[in-house]
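Asker: Those protein sequences? They're chains A and B, same order as listed. No gaps in the numbering here: position 459 of the first sequence is 459 in our numbering, and each next residue is one more. No gaps in the numbering here: position 228 of the second sequence is 704 in our numbering, and each next residue is one more. Each residue gets a CB set at the ideal place from its N, CA and C atoms; glycine is no exception. This is the structure I want to talk about, given as structure tokens.
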Amino acid sequence: MEENPQAEKPKKEKIPRQKMPEQNVSARIRNFNEVPLGYDPETAQREARRCLQCKNPQCVDGCPVEIDIPAFLQLVVDGKFVEAAHKIKEKNVLPAVCGRVCPQEDQCEKQCILGIRGEPCAIGSLERFVADWEADQGETILPSLLPPTGHKVAVVGAGPSGLTVAFDLALLGHDVTIFEALHEPGGVLMYGIPEFRLPKAIVKREVEFLRRLGVKLYTSVVIGRTIEVDDLLKSGFEAVFLAVGAGLPMFMKIPGENLNGVFSANEFLTRVNLMKAYDFPDVDTPVWVGKNVAVIGGGNVAMDCARTALRLGAKRVSVIYRRSRSEMPARHEEIVRAEEEGIIFFFLTNPIRYLSDEKFWVRGMECVRMELGQPDSSGRRSVKPIPDSEQIIDFDTIIVAIGAGANPIIASTTPDLKTNRWGYYIADEETGLTSKPRVFAGGDIVTGSATVISAMGAGRRSARAIHKLLMESKKV
Amino acid sequence: MKKDKKNSEPLIQDFTSSFTVVYKEEMAKRTICRMDIEAPLIARKARAGQFIVLRVREGGERIPMTITDKDPEKGTITIFYQVIGKTTALMRTLKVGESFADVVGPLGVPDEIESVGKIVMVGGGTGTAVLYHITKAYREKDNYIVGIIGGREKELIILEKEMGVLCDELIITTDDGSYGERGLVTDALTRVLKDSPDIRLVWGIGPLAMMKAVANLTRPYRIKTMVSLNPIMVDGTGMCGCCRVTVATQTKFCCVDGPSFDGHEVDFDELLKRKGMYFPQERESLLFSVR
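The following block contains the structure:
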């Protein structure tokens, strides 16, 4: 401890954290283009030079998929951007995605030594830069695959967790087939996260990369309905990884929730992102958005809904959150961007019923003021309504973004797959193994709604366990 | 027994489906269309009461469509649809040999079909196409089946011959009296309920107003009455919650909890209003396409 090797280094130049240019507010609220515009090579190198190249890098410990961050940053400093991308891809199949949507401030950048006295190195922005740089060079080089093992694995769900497992197992030489229920692969990256935060061309590029690794992908196949899990095991797959996401939107079970003009966040975002309703009537799927929109919830999905509603032409968009700003689960930068764009926040406010006009359309909500109590066992502060604080606020559109529960389809047709009382699959924390032999699970269907990177981390751990299982069965 | 089991669940060798139209038949002055679609995985699994979600082309809507029949040997499913909006109009333009962009299914909870005795199967308009698959399953379970199928006029009566084979008695009604009995299916049902005290189960499938009327007719008799709902859907797998319907005061997702529900418990009025949510956009979409 007393010998800090970093301190010994001769005069490290003082560079401030490099800001990434953004679309200005008045322009961006009228389009669906990405808000941050990315680094240029000089800025990227300047930022990467801030890295102290710690001998014992804390940032790597903060990364759920254990990217060798100092190594890729050094490659950026050296101008070897494509090599830097390859360095990341040794551990992360989706760098262009993670560079954009990972909560780096809670992970790698939180651990960065520079962050103690000043601002941490902008690892996420640099990850994004090198991934985009590599893609812009055209042909991306494929990593070397181990020789084919002949073992077949089925992956259910082409979201972050499923794509990670497929990638890891393909590299190890296994024969991987992904089944996706929707008509496009990508899961939440495709239907959930808006274009202005994650361009769909990037998701398509990353999926294409997997295909080039030899991974087979079938869309419009609902495992549990089109093919049951047992059918997969009987059809030659030696292991199955279930990464179906938490696909069942929650509602608050309050009066008026089925009025026209009340959506789940999933429906609203799916219509816009997957079905591209912003191009209606050039595409066939419409979306309703009124002039005065309320989004219920305080997470990233709520921020996405609010900012999407604004871009679809809403005059006034409000976020209704029952706790206060400091308890919001959304990323800080998403909250800031929403505020910059003019989203209004009602904190410590909770709807108790929605009001109907004479045509069954929502016209407003009755809500109560809330007060915070003591933190509960999870450290989150409890919240309770203040008596006689009811008030009515007018809205013509309500988007309920309070999370998603467990989708019942696979569990209902797979009797020996055990679930907990909320319907999430019970799976070993380290391996993802479920109660059913040879069946693994990871991502939101195990943990409930969480982040892209935590789903990827679960995929990485399960891939190891599946590989071990397959290689052991070879010996028999 | 062994052979039977083997035949019903062959191992899956191939996961590809072309979704190609292999048979097409237009009827009722081209307002109703039957299509057989190559979808072997769906044909293999489809059970009575289940549905598919399809897209005609890139940029197309995802719309739910109930499965009328399946042929696991040929690997095809059969659907019937009435041309009422942009997507169904686009569907009709597909020729034999052309393909849907995608078809996903079978979705929804399959109905539990049992031997219950005397049952009445009521179908209105293209609802009869949904009813047919379920009726076929009841036939296999040896029930006494009274069929009532109806439409506005003679041309709109579908699957008469096929239902005739399945039903012990078949009553046909038309609003204008151009074929069968003059009147509504509910008029015929009223009579059947009066005449037959031994009815154990009624299925009503058709327009919402018809299903509501069927449920209201059977309620005083306390006869179990099932309906199959067709609300607006997007994904059809529980993900979006667009297809919310109130059943016994609880909110259900039609796609994963249904599409069949106890008709005496369904809030039809709410569903009717929810179905109208996108009327202006549906009209705009249709006008845009003919512009």
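If A/K92 and A/V60 are in contact, beta carbons under 8 Å, what's the gap, nearest whole angstrom?
Answerer: Your numbering for residue 92 of chain A matches position 92 in the first sequence. Your numbering for residue 60 of chain A matches position 60 in the first sequence. What sits at residue 92 of chain A in the sequence shown is Asn, not Lys. Rounded, the Cβ-Cβ distance is 12 Å, inconsistent with contact.
Asker: At 9 Å on the CB atoms, spell out the chain A contacts of B/V580, in chain order.
Answerer: Indexing the second sequence from 1 puts residue 580 of chain B at position 104. Going along chain A in sequence order, the residues near B/V580 (Cβ under 9 Å) are A181, L182, H183, T219, S220, V221, V222, R225, T226.
Asker: Report buried or exposed for A/I426, applying the criterion of at least 16 other Cβ atoms within 10 angstroms of its Cβ.
Answerer: Here residue 426 of chain A refers to the residue found at position 426 when the first sequence is read from its first residue. By the 10 Å Cβ count, A/I426 comes out exposed.
Asker: Would you report the Cα separation of B/A515 and A/D78, rounded to the nearest angstrom?
Answerer: The residue you call residue 515 of chain B lines up with position 39 of the second sequence. The residue you call residue 78 of chain A lines up with position 78 of the first sequence. Roughly 54 Å between the two C-alpha positions.
Asker: Taking DSSP as the reference, what is the three-state secondary structure of B/C509?
Answerer: Along the second sequence, one-based indexing puts residue 509 of chain B at 33. It is a strand residue.
Asker: Does any residue of chain E bring its CB to less than 8 Å from the CB of A/F280?
Answerer: No chain E is part of this structure, whose protein chains are labelled A and B.
Asker: With DSSP run on the structure shown, which of helix, strand or coil describes A/K14?
Answerer: Mapped onto the first sequence, residue 14 of chain A falls at position 14. Looking at A/K14 - three-state DSSP - the assignment turns out to be coil, as it is neither helix nor strand.
Asker: When burial is assigned at 16 or more other CB atoms within 10 Å of the CB, is B/K562 buried or exposed?
Answerer: Here residue 562 of chain B corresponds to residue number 86 of the second sequence, with the count starting at 1. It is buried - the Cβ of B/K562 has at least 16 other Cβ atoms within 10 Å.
Asker: Can you list, in chain order, the residues of its chain with a C-beta nearer than 7 Å to that of B/L660? Leave out the 5 residues immediately preceding and following it.
Answerer: In the second sequence, residue 660 of chain B corresponds to position 184, counting from 1. For B/L660, where only same-chain residues beyond five positions count, the Cβ hits under 7 Å are G626, T649, D651.
Asker: Please confirm if A/V283 has its CB atom under 8 Å from at least one CB of chain B.
Answerer: Locating residue 283 of chain A in the first sequence gives position 283, where the first residue counts as 1. Yes, its Cβ sits closer than 8 Å to a Cβ of chain B.
Asker: Once you ignore the five residues that flank B/T564 on each side, which residues in its own chain have a CB closer than 6 Å to its CB?
Answerer: Taking the first residue of the second sequence as position 1, residue 564 of chain B is located at position 88. Taken in chain order, the residues that qualify are Y557.
Asker: Under three-state DSSP, which class holds A/M365?
Answerer: Within the first sequence, the letter at position 365 stands for residue 365 of chain A. The answer is strand: DSSP assigns A/M365 an E or B state.
Asker: Indicate whether at least one CB of chain A lies closer than 8 Å to the CB of B/M541.
Answerer: Translated into the one-based positions of the second sequence, residue 541 of chain B becomes position 65. By this cut-off, B/M541 is not an interface position.
Asker: Just how far apart, CA to CA, sit A/F167 and A/V215?
Answerer: Your numbering for residue 167 of chain A matches position 167 in the first sequence. Your numbering for residue 215 of chain A matches position 215 in the first sequence. So the two alpha carbons sit approximately 8 Å from each other.
Asker: Within the 8 Å Cβ cut-off, does B/M511 reach chain A?
Answerer: The count along the second sequence starts at 1 and reaches residue 511 of chain B at position 35. Chain A, which has no Cβ nearer than 8 Å to the Cβ of B/M511, makes this no.
Asker: Report the three-state DSSP secondary structure of B/T709 (helix, strand or coil).
Answerer: Numbered from 1 along the second sequence, position 233 holds the residue referred to as residue 709 of chain B. Looking at the sequence itself, residue 709 of chain B is Met, so the reference to Thr does not match. It is coil, neither helix nor strand.
Asker: State buried or exposed for B/S493, treating a residue as buried only when at least 16 other CB atoms are found within 10 Å of its CB.
Answerer: Numbered from its first residue, the second sequence carries residue 493 of chain B at position 17. Classification of B/S493: buried, given that the 10 Å Cβ count is 16 or more.
Asker: Taking C-alpha atoms, which residue in B/L684, B/K630, B/V732, B/N619 lies nearest to B/S591?
Answerer: The count along the second sequence starts at 1 and reaches residue 591 of chain B at position 115. For the residues B/L684, B/K630, B/V732, B/N619, the minimum Cα distance to B/S591 belongs to B/N619.
Asker: Should B/R506 be labelled buried (16 or more other beta-carbon atoms within 10 Å of its own) or exposed?
Answerer: Counting from one through the second sequence, the residue named residue 506 of chain B turns up at place 30. Exposed, since its Cβ has fewer than 16 Cβ neighbours within 10 Å.
Asker: Which residues, taken in chain order from the region 357 to 369 of chain A, show a beta carbon closer than 9 Å to some beta carbon of chain B?
Answerer: Listed by position along the chain: K359, F360, W361.
Asker: Can you tell me whether A/L269 is buried or exposed? The criterion is at least 16 other CB atoms within 10 Å of its CB, across all chains shown.
Answerer: Working through the first sequence from its first residue, we reach residue 269 of chain A at position 269. Answer is buried; the Cβ neighbour count reaches 16.
Asker: Would you say B/Q757 faces chain A, with C-beta separation under 8 Å as the test?
Answerer: The residue labelled residue 757 of chain B in the question sits at position 281 within the second sequence. Judged by the 8 Å Cβ criterion, B/Q757 is in contact with chain A.
Asker: Between which two residues does the alpha helix (DSSP H) containing B/A613 stretch?
Answerer: Here residue 613 of chain B refers to the residue found at position 137 of the second sequence. Looking at the DSSP string, the run of the alpha helix (DSSP H) that includes B/A613 is 603 to 616.
Asker: Cβ of B/E537 less than 8 Å from any chain A Cβ?
Answerer: By one-based count along the second sequence, residue 537 of chain B stands at place 61. B/E537 counts as touching chain A.
Asker: Please state whether the Cβ-Cβ distance between A/V244 and A/N33 is less than 8 Å.
Answerer: Within the first sequence, numbered from 1, the residue matching residue 244 of chain A stands at position 244. Within the first sequence, numbered from 1, the residue matching residue 33 of chain A stands at position 33. Cβ atoms of A/V244 and A/N33: not closer than 8 Å.
Asker: I'd like the span of the beta strand (DSSP E) that includes B/V497, first residue to last.
Answerer: Here residue 497 of chain B refers to the residue found at position 21 of the second sequence. Per DSSP, B/V497 belongs to the beta strand (DSSP E) from 497 to 503.
Asker: Tell me, to the nearest whole angstrom, how far the beta carbon of B/P582 is from that of B/A664; I am working on the premise that it is less than 8 Å.
Answerer: On the second sequence, position 106 is the one that residue 582 of chain B refers to. On the second sequence, position 188 is the one that residue 664 of chain B refers to. Not quite, the Cβ-Cβ distance comes to about 31 Å (not below 8 Å), so this is no contact.
Asker: Using DSSP with H/G/I as helix, E/B as strand and the rest coil, what is A/V229?
Answerer: Residue mapping note: residue 229 of chain A aligns to position 229 of the first sequence, counting from 1. Here A/V229 sits in helix by DSSP.
Asker: Within 10 angstroms of the Cβ of A/Q18, are there 16 or more other Cβ atoms? Answer buried if so, exposed if not.
Answerer: For the purposes of this step, residue 18 of chain A is taken as residue 18 along the first sequence, with counting starting at 1. Buried, since its Cβ has 16 or more Cβ neighbours within 10 Å.
Asker: Taking contact to mean 3 or more Cβ pairs, one atom from each stretch, closer than 8 Å, check whether the region 20 to 28 of chain A and the region 80 to 87 of chain A are in contact.
Answerer: Touching, no, given that fewer than three Cβ pairs across the two stretches are closer than 8 Å.
Asker: Which value, in whole angstroms, describes the spacing of the CA atoms of B/K481 and A/L259?
Answerer: In the second sequence, residue 481 of chain B corresponds to position 5, counting from 1. In the first sequence, residue 259 of chain A corresponds to position 259, counting from 1. Its pLDDT being 43, under 50, B/K481 is placed unreliably by the model, and the measurement read from it follows with that caveat. For B/K481 and A/L259, the distance between alpha carbons rounds to 47 Å.
Asker: How close, in whole Å, do the beta carbons of B/Y608 and B/T544 come, if the pair is a contact with beta carbons under 8 Å?
Answerer: Here residue 608 of chain B corresponds to residue number 132 of the second sequence, with the count starting at 1. Here residue 544 of chain B corresponds to residue number 68 of the second sequence, with the count starting at 1. About 6 Å separates the two Cβ atoms, so the contact holds.
Asker: Restricting to Cα atoms, I'd like to know which of A/E327, A/L310, A/P249, A/G364 is closest to A/I344.
Answerer: Taking the first sequence and counting its residues from 1, the one referred to as residue 344 of chain A is at position 344. Comparing Cα positions, the closest option is A/L310.
Asker: State the start and end residues of the unbroken beta strand (DSSP E) segment that holds A/D394.
Answerer: One-based indexing of the first sequence puts residue 394 of chain A at position 394. That run of the beta strand (DSSP E) goes 391 to 394.
Asker: Would you mind giving the Cβ-Cβ distance between B/V742 and B/L693, rounded to the nearest angstrom? I have them listed as a contact below 8 Å.
Answerer: One-based indexing of the second sequence puts residue 742 of chain B at position 266. One-based indexing of the second sequence puts residue 693 of chain B at position 217. Wrong, their Cβ atoms sit about 14 Å apart, outside the cutoff.
Asker: Given A/Y278, which residues of its chain have a CB within under 8 Å of its CB, disregarding the five upstream and five downstream residues?
Answerer: If you number the first sequence from 1, residue 278 of chain A lands on position 278. Excluding sequence neighbours, A/Y278 sits near F32, V272, V287, R311, L312.
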